[in-house]
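Protein sequence lines, in the order shown, are assigned to chains A and B. Residue numbering for the first sequence follows my numbering, beginning at 1 and increasing consecutively. Residue numbering for the second sequence follows my numbering, beginning at 1001 and increasing consecutively. Quick reminder that beta carbons are idealized off the backbone N, C-alpha and C, glycines included. This report refers to the structure that appears directly beneath it.
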Amino acid sequence: MSESLPGTNYINAVSGIKSWLTTLDHKRIGIMYLLFIAISFGLGGFFALALRLELLNPGQLIVSAKQYNQLFTLHGAVMVFLFIVPSIPASLGNFLLPIQLGAKDVAFPRLNLASLYLYVFGAAFCVYSMVSGAADTGWTFYTPYSSTTDTSVISMTLGAFILGFSSIFTGINFIVTVHKMRAPGMSWFKLPLFTWSLYATAIIQVLATPVLGITLLLLIVERLVGIGIFDPALGGDPVLFQHFFWFYSHPAVYIMILPAMGVMSELVTTFSKKNIFGYKMVAFSSIAIAIISFLVWGHHLYVSGQSDYADMIFSFLTYLVAIPSAVKVFNWIATLYNGEIELKAPFLYFIAFLFLFTIGGFTGIMLASLSLDVHLHDTYFVVAHFHYVMMGGTVMAFLGGIHYWWPKMFGKMYSEKAAIVAWFFIMAGFNMVFFTQFILGTKGMPRRYYSYLDQFQPLHAFSTVGTWVLTVGFLIMAFYLVESLLNGEPAGDNPWGSLGLEWTTQSPPITENFADTPHIIHGPYDYDKVKLS
Amino acid sequence: MKITEPHKEHIVAHHFANSKHEFDSARLGMWIFLVTEVLFFGALFVAYAFLRWSYPEIFVEAHHILSWKMGALNTAILIFSSFTMVMAIRSAQLNQRLKTSLYLITTMICAFGFLVVKFFEYSAKIHHGYLPAKYFVAHGASEYLHLFFGLYFTMTGLHGIHVLVGIGLIIWLLLRNRKGHFYSNYYTPLEMVGLYWHFVDLVWIFLFPLFYLVG
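Spelled out as structure tokens, the structure:
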């Protein structure tokens, strides 16, 4: 690479579609991921709108019962495999990880591009499944239904299988990058906490995803030739599928939430101009969550007939996850104490996460207790719980991260006023949709039902109206973000006055990230020691 | 052995400090990939444990159907191929290009030999109808014997696919070695494919006793 001229950056250094499709630059790959992830979110959101509309009243409104089953399956599969698993790591993580380490790129740029292509290839299979008799199994593909239904399960599982490899390659790349690509002086305890969380996430991606891969492969084999191990009629056991599936899919929940927690640590320090309270505890709690995440899958099987002893052990281990999660929440709050807090748009999403994730976490503890879970299992209470964690947690942090790093990624500012308005709509809409579902769940409304008793209708209708409010919020956001790309004010290199390494390079960064390899002297949050000029 | 042409100087990728940095990063990445492979097969070994615990009798029954001699022959072939793979890397480290190619070709012949033996084994099973549930037509077999063959074909089949991928990788190495890409300062792809090949060998070393030597 030649010495870059003033005014050049990774976006305009080379031009043309081909330069994007063949790029090895982690920033361009991150931006392309962001685009595809946004499209997937729109698609998954569309399915959500449609299925909530159907639930406006107990009878048939817009779709048949089978189509309804397909809708919630596609909503779940798209949101999990195409949106939320890659969301923060593949887009923001790809863009920021090397910059936060002071590196020129990830360790394996070609593998990085390959993971993007695998993502698109896997997505194509999922889309094919949608148009050719979409799967109606739920995103969990439980046997024996998934091995007998006549809908296109194979293309959907094959899609998820390929997406899994995309995720594995990103994970391998990130682990090696963190180990091998740190700038001089960047010791482990000077790593930004976002990087720590990506590292913990990558460990889970690498260890859990292959098990999902083989599980889905076994399901495909089952459908094609009948391997029989999941089918009781052939001597197998469908609960084995559930064990295999959740051995991945519970850790996957932490693939979704850990990067979000990393974003939170970046937001709280920048917008309160304070060093993080208990850096090492926050860093190690990410690793602790990654480890414990592998030992709790059985809490999805309390009513499957697994042994009582297993239930008790899984219940106890599930409670353990609350400890490192609470360490993080308490440390973020302690960081705010005496800080110079600025209520900017990214920080509003920090607040949203803090409240919504805490509600999601506490209801998770309720569900971890055996006696209560038997009552609440497979009701709307569970649906509300995981949406508070996934959407109230991960999506809020993702949005916070996008608003926070937007000026770095594109060099432009968005309208702060519009961002605040959108935030109010999203917060109000989200709580309308899902808090209602806590109440519905405790009253006994089962999940995945096409119809329901008349007495539930007011709450269902309220929840459905909430999805419309939420949609308005996201439309406003889409509008002002596109507007900022077209007409936004130049952001400057460090609009938030952050000490993070990524804010020391220009916005948008040059292709090699830094003109000279940075030498790291202070930590990323040393606001008490370093004064910005 | 004489080297006829000079080797091609390796250029370190722009984001690495030097050739050792690049090699170490690649090796760490490869080891992590092998960990994912272990978990990939790991779930199948769990399925094996579950079936063996549920139906120990079908494993004893199937043991009489599989030929341990064929399995032992394949084990010997793969262990020998791991040795030739190591020698290929060693030759590259010593700048012995022709030897590198010869060892790689030997490794590849072993891989094909393994598949040929496997082909004869599979043909015999298919001929007698020892197949997964939907196609299982063998006479006089116990009720759940198809479970064994479902697992047998899945696990050895997946291993066979890995052998095929290995053959593809070795061909790629041979082409690059012909162009003189590998020498004492650069043999990273050889080392990585070597690690992969040892892993494939190791999986078979677990599959062989678990399927063939139960009795």
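Distance between beta carbons of residue j and residue i, contact taken as under 8 angstroms
i, j, result
"residue 135/A", "residue 242/A", "That pair is no contact at about 17 angstroms."
"residue 290/A", "residue 248/A", "No, residue 290/A and residue 248/A are not in contact; Cβ-Cβ is about 14 angstroms, not under 8 angstroms."
"residue 1180/B", "residue 1008/B", "5 angstroms"
"residue 109/A", "residue 1036/B", "About 20 angstroms; that fails the 8 angstroms criterion."
"residue 393/A", "residue 356/A", "6 angstroms"
"residue 1047/B", "residue 154/A", "That pair is no contact at about 20 angstroms."
"residue 556/A", "residue 107/A", "Since the first residue shown for chain A is 1 and the last is 533, residue 556/A is missing from the structure and cannot be characterised."
"residue 132/A", "residue 169/A", "27 angstroms between Cβ atoms; not a contact."
"residue 94/A", "residue 30/A", "3 angstroms"
"residue 1144/B", "residue 1058/B", "5 angstroms"
"residue 423/A", "residue 337/A", "About 24 angstroms; that fails the 8 angstroms criterion."
"residue 517/A", "residue 183/A", "6 angstroms"
"residue 1158/B", "residue 1173/B", "Actually they do not touch by this definition, with Cβ atoms about 23 angstroms apart."
"residue 1015/B", "residue 1186/B", "Contact doesn't hold; Cβ gap of about 17 angstroms is too wide."
"residue 141/A", "residue 219/A", "6 angstroms"
"residue 489/A", "residue 408/A", "Not a contact, Cβ separation roughly 14 angstroms."
"residue 186/A", "residue 262/A", "In fact, because the Cβ distance is near 16 angstroms, the residues do not count as touching under 8 angstroms."
Cβ-based neighbour list, residue i, same chain, cut-off 7 angstroms, excluding 5 preceding and 5 following
i, result
"residue 1012/B", "1018, 1019 and 1022"
"residue 379/A", "441, 444, 445, 446 and 447"
"residue 523/A", "190"
"residue 53/A", "61, 62 and 464"
"residue 287/A", "200"
"residue 1/A", "Legend: pLDDT at residue 1/A = 39, less than 50; position of this residue unreliable, no value from coordinates given."
"residue 434/A", "384, 387 and 388"
"residue 530/A", "499 and 522"
"residue 128/A", "155"
"residue 137/A", "73, 145, 146, 149 and 153"
"residue 285/A", "324, 327 and 328"
"residue 283/A", "193 and 196"
"residue 130/A", "74"
DSSP bridge partner residues for residue i (one or two, in chain order)
i, result
"residue 412/A", "490/A"
"residue 1185/B", "None, per the DSSP bridge assignment."
"residue 510/A", "513/A"
"residue 446/A", "379/A"
Chain-order list of residues whose beta-carbon lies under 6 angstroms from that of residue i (same chain, five-residue window excluded)
i, result
"residue 19/A", "none"
"residue 87/A", "37 and 398"
"residue 506/A", "493"
"residue 1212/B", "1066, 1068 and 1071"
"residue 366/A", "372"
"residue 159/A", "122, 125 and 126"
"residue 202/A", "171, 174 and 175"
Cβ shell of residue i (< 8 angstroms), same chain only, five flanking positions each side left out
i, result
"residue 239/A", "301, 304, 305 and 306"
"residue 479/A", "418"
"residue 1110/B", "1077, 1078, 1080, 1081 and 1084"
"residue 26/A", "94, 95, 97, 98, 105, 106, 109 and 112"
"residue 1094/B", "1184"
"residue 527/A", "269, 273, 274, 275 and 499"
"residue 1147/B", "1051, 1055, 1058 and 1133"
Residue-level contact to chain D via CB, residue i, 8 angstroms cutoff
i, result
"residue 1040/B", "Among the chains of the structure shown, chain D does not appear; the protein chains present are A and B."
- Query: Counting only runs that start and end within the stretch 234-279 of chain A, where is the alpha helix (DSSP H) found for 4 or more residues in a row?
  - Reply: Runs found: 238-272.
- Interfacial residues, the stretch 1122-1144 of chain B to chain A, with Cβ spacing under 9 angstroms: Of all residues in the stretch 1122-1144 of chain B, 1131, 1132, 1133, 1134, 1135, 1136, 1143 and 1144 have a Cβ within less than 9 angstroms of some Cβ in chain A.
- Members of the stretch 219-234 of chain A that neighbour chain B once the beta carbon cut-off is set at 7 angstroms: Answer set for the stretch 219-234 of chain A: 221, 225, 226, 227, 228, 229 and 234.
- Ordered list of alpha helix (DSSP H) runs contained in the stretch 85-123 of chain A, each at least 4 residues: Within the stretch 85-123 of chain A, the complete alpha helix (DSSP H) runs of at least 4 residues are 94-101.
- Task: Output the residue ranges of the alpha helix (DSSP H) runs that lie fully inside the stretch 1061-1099 of chain B and measure 4 residues or longer, sorted by chain position.
- Result: Runs found: 1068-1093.
- Continuous alpha helix (DSSP H) assignments of at least 4 residues falling wholly in the stretch 143-231 of chain A: Listed in chain order, they are 145-148, 153-180 and 193-224.
- Item | Where the stretch 1047-1061 of chain B meets chain A: residues whose CB sits under 8 angstroms from a CB there | Along the stretch 1047-1061 of chain B, going in chain order, the ones with a CB nearer than 8 angstroms to a CB of chain A are 1047, 1050, 1051, 1054 and 1055.
- Compile a chain-ordered list of the residues in the stretch 1181-1214 of chain B whose CB is closer than 7 angstroms to at least one CB of chain A. The stretch 1181-1214 of chain B vs chain A, Cβ under 7 angstroms: nothing.
- Query: Using a Cβ cut-off of 8 angstroms, which residues of the stretch 247-267 of chain A contact any Cβ in chain B, in chain order?
  - Reply: From the stretch 247-267 of chain A, only 247 have a Cβ closer than 8 angstroms to chain B.
- Taking only beta carbons into account, state which residues of the stretch 1064-1080 of chain B come closer than 8 angstroms to chain A, listed in chain order. So nothing in the stretch comes that close.
- Interfacial residues, the stretch 95-108 of chain A to chain B, with Cβ spacing under 7 angstroms: Contact residues of the stretch 95-108 of chain A toward chain B are 103, 104, 105, 107 and 108 (C-beta to C-beta distance below 7 angstroms).
- Query: Which residues, in chain order, does the stretch 292-305 of chain A contribute to contact with chain B at a C-beta distance below 8 angstroms?
  - Reply: Hits within the stretch: zero.
- Message: I'd like the ranges of any beta strand (DSSP E) spanning at least 3 consecutive residues and lying wholly in the stretch 18-59 of chain A.
- Response: Within the stretch 18-59 of chain A, no complete beta strand (DSSP E) segment of 3 residues or longer occurs.
- Any chance you could list the alpha helix (DSSP H) runs of at least 4 consecutive residues sitting entirely within the stretch 306-393 of chain A, in chain order? Unbroken alpha helix (DSSP H) stretches of 4 residues or longer found wholly inside the stretch 306-393 of chain A: 308-336, 345-368, 370-376 and 380-389, given in chain order.
- Message: Using a Cβ-Cβ cutoff of 9 angstroms, what residues of the stretch 171-191 of chain A are near chain B? List them in chain order.
- Response: Per Cβ criterion, the list reads 171, 172, 173, 175, 176, 177, 179, 180 and 181.
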